[in-house]
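Adding 53 to a residue's 1-based position in the sequence shown gives its number in the numbering used here. C-beta atoms are modelled at their ideal positions from N, C-alpha and C, and glycine is treated no differently. Shown next, in structure tokens, is the structure this report addresses.
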Amino acid sequence: MSCGKLGEDRNVDNPVSGRECGGCTACCTVLKVDEPELKKPSDQVCPNCTQGGCKIYETRPAICRRFECGWKILRYLGEEWRPDRCGVIIDLVEGDQIPAGFRQAALKFEIVDSPNVLFWPPLIRFIRSEIERGHPVFLGTPAAVGYERRMVFLNYIMAEAVAARDNTLMIHALRQALQIGLSDAMKEKATFS
Ligand code: SF4
Ligand code: SF4
């Protein structure tokens, strides 16, 4: 099971009108593509990705056509949440990776490259708010090229910090989650269908 596969389990029905990728190509590096015509591991720049965007844009794989990150579909997120600006891609996860008892649709916050994003107050507030509402939340952590990204369930790790509404504790818990992900970073080799 890949946790960072482009477009996996994504509902892409409603991108916010006028919200364009612009100069962002974050998902073309961070996420895995496993299509018949293109197989690319996570955390590796797609060979079709250029400074001017996708060089096969008109014929890009179906999964690339369908994928919209959370910034493009969550109306309440501002421009600062564009992934190349903030350093996190929001993805939607559904299915058996979400513990029983939680809504079976979760947000996953994929770290693009620098873990410094874990100190970003809007991210901390967003995660706190989701956990307070009882919504399942994951942190997506990088892996070496050739391995699958990891996803760490945040609701239990962060429960105490969220209850205390303490930012320092929140950051500490997020860093703990990052360490869990990084320590598992070479656990699962990337496979393609
Ligand atoms: S991460 Fe989002 S904004 Fe950036 S290129 Fe992908 S879909 Fe577009
Ligand atoms: S084919 Fe194009 S849209 Fe798809 S990952 Fe590569 S650069 Fe991005």
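Residue 107 has 102 as its beta-bridge partners, per DSSP. Going by C-alpha positions, residue 125 is about 7 Å away from residue 73. By the beta-carbon neighbour count (other beta carbons within 10 angstroms, threshold 16), residue 95 is buried. Across the structure, residue 237 and residue 203 are spaced so that their CA atoms are roughly 7 Å apart. Under the three-state reduction of DSSP output, residue 113 falls in the coil class, being neither helix nor strand. C-alpha of residue 240 to C-alpha of residue 195: approximately 12 Å in a straight line. Short of 7 Å from the beta carbon of residue 185, and not among the five residues preceding or following it, lie these beta carbons of its own chain, in chain order: 215. According to the DSSP assignment, residue 221 belongs to the alpha helix (DSSP H) that extends over 220–236. Closest in C-alpha terms to residue 140, from the list 92, 180, 165, comes 165. A straight line joining the alpha-carbon of residue 170 with that of residue 242 spans about 26 Å.
Across the structure, residue 143 and residue 246 are spaced so that their CA atoms are roughly 25 Å apart. Burial of residue 78 is indicated by the presence of at least 16 other C-beta atoms within 10 angstroms of its C-beta. Distance between residue 190 and residue 105, taken at the CA atoms: about 33 Å.
In the three-state scheme derived from DSSP, where H, G and I count as helix and E and B as strand, residue 186 is classed as coil.
Scanning 131, 217, 207, 97 for the CA closest to the CA of residue 71 turns up 131.
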